[in-house]
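Colleague: In terms of our numbering, the sequence shown opens at residue 68 and continues consecutively. So that we are looking at the same thing, I have put the structure below in structure tokens.
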Amino acid sequence: MTTSQRSRALSVAGIVLAAVLAGTVVMHSAADSGAKENRRPAGPPTVPVSVAVAAERNLPVILRAIGNIDAYSTVAIKARVDGQIVEVKFREGQAVHKGDVLFRLDSRPFEAALRQAEANLARDKASRDQARSQERRYYDLLEKHFVSKEAYAQIRTAAETAEAALMASQAAVETARLNLQYCIIRSPIGGYVGRIMLQLGNLVKANDTNALVVINQVKPIYATFAVPEQRLSEIRRHMADGPLDVTVSSADTRRAPLATGRLVFVDNAVDVSTGTIKLRAEFENRELALWPGQFVNVALKLYDQTNAIVVPSVAVQTGPQGEFVFVLKPDVTAEVRTIAVSRTAAALTVISQALANGEKVVTRGQLRLAPGVNVVVRTDAS
Numbered sequence: 068m069t070t071s072q073r074s075r076a077l078s079v080a081g082i083v084l085a086a087v088l089a090g091t092v093v094m095h096s097a098a099d100s101g102a103k104e105n106r107r108p109a110g111p112p113t114v115p116v117s118v119a120v121a122a123e124r125n126l127p128v129i130l131r132a133i134g135n136i137d138a139y140s141t142v143a144i145k146a147r148v149d150g151q152i153v154e155v156k157f158r159e160g161q162a163v164h165k166g167d168v169l170f171r172l173d174s175r176p177f178e179a180a181l182r183q184a185e186a187n188l189a190r191d192k193a194s195r196d197q198a199r200s201q202e203r204r205y206y207d208l209l210e211k212h213f214v215s216k217e218a219y220a221q222i223r224t225a226a227e228t229a230e231a232a233l234m235a236s237q238a239a240v241e242t243a244r245l246n247l248q249y250c251i252i253r254s255p256i257g258g259y260v261g262r263i264m265l266q267l268g269n270l271v272k273a274n275d276t277n278a279l280v281v282i283n284q285v286k287p288i289y290a291t292f293a294v295p296e297q298r299l300s301e302i303r304r305h306m307a308d309g310p311l312d313v314t315v316s317s318a319d320t321r322r323a324p325l326a327t328g329r330l331v332f333v334d335n336a337v338d339v340s341t342g343t344i345k346l347r348a349e350f351e352n353r354e355l356a357l358w359p360g361q362f363v364n365v366a367l368k369l370y371d372q373t374n375a376i377v378v379p380s381v382a383v384q385t386g387p388q389g390e391f392v393f394v395l396k397p398d399v400t401a402e403v404r405t406i407a408v409s410r411t412a413a414a415l416t417v418i419s420q421a422l423a424n425g426e427k428v429v430t431r432g433q434l435r436l437a438p439g440v441n442v443v444v445r446t447d448a449s
């Protein structure tokens, strides 16, 4: 092969190689373009949500407050005479009944005072009898004109003085007997005694500042609480229809209510410093679930609201236009619905308008939702 032929052959081979390389580049570019087109999103993603049904039901209207348990009655036991405590007839914290003996004081000085008063009574009674007898004799002599009227008047005055002295002696005997009875201190009510302030052997004074012991009556028992003054007219209106039920519970909402009673007292004035009105409910407290000084959650039921549309409170969201919910449409998309909230009752919210019975609202997954977004309803418990 000549030199010119060899040159032409090399030129043809270079042209063929360039064509093959160009075809390869075109094929790779087309493959990359197809891959990118396959990775392009087809539309908005589907959001998993949990839903609940807006239901029509009867729901009680309840006022809630923090209350304090008060004893039905409280008595501070004090001595009515001076003396020394010689006996204590109870244990601290014990339940006592009306009339039970609590303390005994040294009664010997009062027994001696009673004997002295009785002796004075007997003496004055004898003096009275003698004065009466003498008054009758002088009256007969006056009728016969044997004595003057002045002499008879003196005898009659002496008889009346003796009668008055006898009455004073009788009062002194009654006082001595009372003082002797006061040496035995009894419980005026049934309840539970507290800590003993003065122990055995101590001297006590009549009506001293410090009580010997305090007794609280806890059957029945009171719960005192306060509500805003704006609810006063509503409370009084429903009280006119009948007693209002009151339920108290502990801070642990998982436990059952402690007791159920009725509203018995509305204070006669609003507290101007707090703008609240004090109320009081009475409970039988048979199981002693309530104790004086205890703090409780109070629920005052005013009435039952009928045909109320309720949804779980977690479904209600707050936006620039107010409260709203996401409503599940028949085409399984979300719709934003502005609502009017009437009130909230525990985990439920009462809707006054813009929501119908049976409509489904989203309770979980709202953060990823927007109007028209496709949703899938979760069937698990999460």
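No residue lacks a Cβ here, since even glycine has one placed at the ideal position from N, Cα and C.
Just curious, the beta strand (DSSP E) that residue 11 is in, first and last residue?
Modeller: It is not possible to answer for residue 11, since the shown part of the chain is limited to 68 through 449.
Colleague: Given this structure, state the Cα-to-Cα distance separating residue 443 from residue 113, to the nearest angstrom.
Modeller: The alpha-carbon atoms of residue 443 and residue 113 are separated by roughly 7 Å.
Colleague: Where does the unbroken alpha helix (DSSP H) through residue 240 begin, and where does it stop?
Modeller: Start and end: 216-248.
Colleague: In the DSSP assignment, the alpha helix (DSSP H) including residue 192 goes from what residue to what residue?
Modeller: That run of the alpha helix (DSSP H) goes 175-210.
Colleague: Looking only at DSSP bridge pairs, what is residue 387 linked to?
Modeller: Its beta-bridge partners do not exist; DSSP assigns none.
Colleague: Let me know the secondary structure DSSP gives residue 105 once reduced to three states.
Modeller: In this prediction, residue 105 scores a pLDDT of 49, lower than 50, which makes its location untrustworthy; no coordinate-derived value is stated.
Colleague: Measure from the alpha carbon of residue 197 to the alpha carbon of each residue in 328, 226 and 336, then state which is nearest.
Modeller: Residue 197 has its Cα closest to that of 226, out of 328, 226 and 336.
Colleague: Per DSSP, what are the beta-bridge partners of residue 368 in this structure?
Modeller: In DSSP, residue 368 forms a bridge with 129.
Colleague: So what does DSSP say about residue 440, is it helix, strand or coil?
Modeller: Three-state DSSP puts residue 440 in coil, outside helix and strand.
Colleague: Between the segment 130-141 and the segment 381-397, can you find at least three pairs of beta-carbon atoms closer than 8 Å?
Modeller: No contact exists between the segment 381-397 and the segment 130-141.
Colleague: Return yes when the Cβ of residue 115 is within less than 7 Å of the Cβ of residue 445, no when it is not.
Modeller: Contact flag set, yes.
Colleague: Could you say which of 372, 282 and 140 lies nearest to residue 162 if we only look at CA atoms?
Modeller: Looking at the Cα atoms, 282 is the closest of the given residues.
Colleague: If we call anything under 7 Å between Cβ atoms a contact, is residue 349 one with residue 287?
Modeller: Going by C-beta atoms, residue 349 is nearer than 7 Å to residue 287.
Colleague: Who are the near neighbours of residue 401 in its chain, counting only those whose CB is closer than 6 Å to its CB and skipping five residues on each side?
Modeller: Result list for residue 401: 393, 436, 440 and 442, in chain order.
Colleague: Can you give me the Cβ contacts of residue 312 inside the same chain, cut-off strictly under 7 Å, excluding the 5 residues immediately before and after it?
Modeller: The answer, listed in chain order, is 327, 329 and 368.
Colleague: Which same chain residues, not among the five before or five after residue 273, have their C-beta less than 7 Å away from its C-beta?
Modeller: Here the set comprises 146, 147, 148 and 149.
Colleague: Within 10 angstroms of its Cβ, does residue 339 collect 16 or more other Cβ (buried), or is it exposed?
Modeller: So residue 339 ends up on the exposed side.
Colleague: Between residue 107 and the rest of its own chain, which residues show a CB-CB distance below 8 Å, the 5 nearest in sequence each way excluded?
Modeller: Because residue 107 sits at a pLDDT of 48, beneath the cut-off of 50, its placement in the model cannot be relied upon, and the following sentence gives the value as read from the coordinates. Nothing meets the Cβ criterion.
Colleague: Between residue 374 and residue 123, is the Cβ-Cβ spacing less than 7 Å?
Modeller: Against a cut-off of 7 Å, the Cβ pair of residue 123 and residue 374 comes out as a contact.
Colleague: Considering Cα atoms alone, identify which of 141, 342, 177 and 159 is closest to residue 263.
Modeller: Of 141, 342, 177 and 159, the residue nearest in Cα terms is 159.
Colleague: Counting C-beta neighbours from all protein chains within 10 Å, is the total for residue 342 16 or more, i.e. buried, or is it exposed?
Modeller: When all chains shown are included, residue 342 counts as exposed.
Colleague: State the start and end residues of the unbroken beta strand (DSSP E) segment that holds residue 355.
Modeller: Where residue 355 is concerned, there is no enclosing beta strand (DSSP E), given that its DSSP letter is neither H nor E.
Colleague: Need the endpoints of the alpha helix (DSSP H) that residue 267 sits in, please.
Modeller: Neither: residue 267 is in no alpha helix (DSSP H) and is coded neither H nor E.
Colleague: Rounded to the nearest angstrom, how far is the Cβ of residue 260 from that of residue 157, given a contact under 8 Å?
Modeller: So it is a contact: roughly 6 Å between Cβ atoms.
Colleague: Alpha carbon to alpha carbon, how far is residue 294 from residue 422? Give it in angstroms, no decimals.
Modeller: Distance between the alpha carbons of residue 422 and residue 294 is about 31 Å.
Colleague: Sort 143, 169 and 142 by Cα distance to residue 153 and report the nearest one.
Modeller: The candidate whose alpha carbon is nearest that of residue 153 is 169.
Colleague: Per DSSP, residue 428 is paired with what?
Modeller: Beta-bridge pairing links residue 428 to 119 and 394.
Colleague: Threshold first: 3 residues or longer. Then list the beta strand (DSSP E) segments lying entirely within the segment 302-348, N to C.
Modeller: DSSP runs (the beta strand (DSSP E)) wholly in the segment 302-348: 312-316 and 326-333.
Colleague: Exposed or buried, residue 205, counting other C-beta atoms within 10 Å across all chains shown (16 or more means buried)?
Modeller: Label assigned to residue 205: buried.
Colleague: Find the nearest neighbour of residue 317 within the set 296, 344, 361 and 304, judged by alpha-carbon distance.
Modeller: Comparing Cα-Cα distances from residue 317 to each of 296, 344, 361 and 304, the minimum goes to 361.
Colleague: What did DSSP end up calling residue 422 once you bin it into helix, strand or coil?
Modeller: Of the three classes helix, strand and coil, the one that applies to residue 422 here is coil, per DSSP.
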